[in-house]
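**Q** Sending over a structure as structure tokens; questions will come in a sec.
Numbering (the numbering used here), first residue to last: 531 to 797.
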């Protein structure tokens, strides 16, 4: 894996948390409030998906202006350039969990086309507004509101040289299924590159994401390198790489954000 310079910056996600805080779940001991069962097990996937759709639509108009989100997009775009030889005349990109288009807009000048996908219609609207404001033609950069399931005909059967995903995995219940789905959109030798929170290793693993965010988060401890490696391998991806990208202050703790890369083997 190419060497990626680890930033010494600490992104202040805490400073932006109030803008992203979902409404507190109603107290109900017999329900799945807060995204988790009373025994700590994962929420029903349908409930989690619906909660995320609503939450990210609610914050869509303000999320793109968050300084920490903008900085992370720049860090991830730099890592993508180090990991993949972008070609302005050829590279087709899928930005999964695209949000308002921060990562896509950082990469748009270096690739041929970018398609953003998000389950939040509010985020998709902001994504397309961002592209229009930047003067990027729709045929070069646009978003689709869709929950990808790997079914035939999704995205009109398109395949991509590169799939990127920033800070979405911890919101997804079944990351194994999602990784297989994303790998299915890759061309041979295509790259899947994701960024998310690294699971703390020192001592007993600590919860990074507490209430009230549990209603929209399925992996509140983040992910270990072994977690991501296993999911990439299960999706048939090779040439695995894992690198710590930048630190972030999250709910009072400083955690590492990682970037991971997997490559679809040539046919």
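By construction, the Cβ of each residue, glycine as well, lies at the ideal position given by its N, Cα and C atoms.
#1: Tell me the rounded alpha-carbon separation between residue 628 and residue 792.
#2: Spatial neighbours of residue 755 within its chain, please: C-beta separation below 7 Å, excluding the five flanking residues on both sides.
#3: Residue 630 and residue 662 - do their beta-carbons sit closer together than 8 Å?
#4: Could you work out which residue in 725, 693 and 721 is closest to residue 796 when comparing CA atoms only?
#5: Tell me, to the nearest whole angstrom, how far the beta carbon of residue 541 is from that of residue 776; I am working on the premise that it is less than 8 Å.
#6: Starting from the C-beta of residue 567, find all residues in its chain whose C-beta is less than 6 Å away, skip the five residues before and the five after it, and write them out in chain order.
#7: Under 8 Å, do residue 785 and residue 728 count as touching if we go by C-beta distance?
#8: Output the distance between the C-alpha atoms of residue 764 and residue 672, rounded to the nearest integer angstrom.
#9: Excluding the 5 residues preceding and the 5 following residue 708 in the sequence, name in chain order all residues of the same chain whose CB lies nearer than 6 Å to its CB.
#10: I think residue 543 touches residue 778, with their Cβ atoms under 8 Å apart; what is that distance to the nearest whole Å?
#11: Could you give the first and the last residue of the continuous alpha helix (DSSP H) run that contains residue 694?
#12: Is residue 708 helix, strand or coil by DSSP?
#13: Considering only C-alpha positions, which residue in the set 682, 684 and 678 is nearest to residue 705?
#14: Pull up the CB-CB distance for residue 625 and residue 619, whole angstroms please, since I reckon it's below 8 Å.
#15: Looking only at C-alpha atoms, which of 675, 658 and 676 sits nearest to residue 669?
#16: Check whether the Cβ atoms of residue 641 and residue 674 lie closer than 8 Å to each other.
#17: Mark residue 581 as exposed unless 16 or more other C-beta atoms lie within 10 angstroms of its C-beta, in which case mark it buried.
#18: If you drop the 5 nearest sequence neighbours on each side, which residues of the same chain put their C-beta closer than 6 Å to that of residue 534?
#19: By the DSSP assignment, the alpha helix (DSSP H) with residue 762 in it spans what residues?
#20: If you follow the alpha helix (DSSP H) that residue 660 is in, where does it begin and where does it stop?
#21: Less than 8 Å between the C-beta atoms of residue 766 and residue 660, yes or no?
**A** Considering the structure as presented:
#1: 19 Å
#2: 772
#3: No, the Cβ-Cβ distance between residue 662 and residue 630 is not below 8 Å.
#4: 721
#5: Contact holds; Cβ gap of about 6 Å.
#6: Confidence at residue 567 is low in this model, with a pLDDT of 40, below 50, so its placement is unreliable and no value can be given for it.
#7: yes
#8: 30 Å
#9: Answer for residue 708: 702, listed in chain order.
#10: 5 Å
#11: For residue 694, there is no enclosing alpha helix (DSSP H); the enclosing beta strand (DSSP E) has its first and last residue at 690-696.
#12: helix
#13: 678
#14: With a Cβ gap of about 19 Å, residue 625 and residue 619 do not count as contacting.
#15: 658
#16: no
#17: buried
#18: 609, 612 and 773
#19: 755-764
#20: Boundaries of the alpha helix (DSSP H) around residue 660: 651-663.
#21: no
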